[in-house]
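Report on the following structure.
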């Protein structure tokens with residue numbers, strides 16, 4: 001593998017060198033996350049990576065905590081894609097026009113939420129906090145809280161890898 005030296009502090013147009021100290025890698029300590037972000041009843045979000053905090057242009061990342069035996073209100077995130085990584089606990093996701101579908105995820109599992117999907121996060125544990133990492137495809141803190149009457153018995157949906165069926 002060869003290394004292209006044109007990209008060491010320069011782009012292809014011979015502009016001034018980039019200050020990699022100030023414009024390079026950022027480490028955001030877990031104890032300094034920012035809770036001043038859009039919230040949904042039943043959960044606590046805290047920002048780690050954003051434009052304001054780290055200079056990110058295309059993604060947002062943070063944490064989500066849902067207390068034991070709690071659930072969020074139904075909501076969606078506009079045209080943003082979301083990825084939730086379960087660190088601790090058991091997540092139950094409901095989604096659909098009437099929250100008619102359900103799936104569960106545990107530690108080490110990833111959850112993908114496409115744009116505009118009405119959904120609800122539920123902590124499936126009665127006594128353990130649900131802790132997750134959240135990544136979104138954009139910077140806007142879009143949270144559209146919805147007034148949805150959920151169906152009584154949602155249909156369980158198991159994920160099947162479309163590449164390796």
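Residue numbers (UniProt numbering): 1 to 165. Every residue gets a Cβ at the ideal spot worked out from N, C-alpha and C, and that includes glycine. The structure presented is a predicted model; accordingly, all values stated were derived computationally and were not measured.
- Spanning the alpha carbons of residue 157 and residue 110 requires a straight line of approximately 15 Å.
- Here residue 52 is exposed. Its C-beta has fewer than 16 other C-beta atoms within 10 Å.
- Of the residues 129, 142, 92 and 122, the one whose Cα lies closest to the Cα of residue 116 is 142.
- Under the 10 Å beta carbon count, residue 16 is surrounded by fewer than 16 other beta carbons and is classified as exposed.
- Residue state for residue 92 is assigned as strand, using DSSP reduced to three classes.
- In its chain, beyond the 5 residues on either side, 110, 132 and 133 have a beta carbon closer than 7 Å to the beta carbon of residue 85.
- Taking 8 Å as the cut-off, the Cβ atoms of residue 63 and residue 43 do not count as close.
- Distance from the CA of residue 66 to the CA of residue 14, rounded to the nearest whole angstrom, comes to 49 Å.
- Three or more beta-carbon pairs separated by less than 8 Å are not found between the segment 21-41 and the segment 94-102, which leaves the two stretches without contact.
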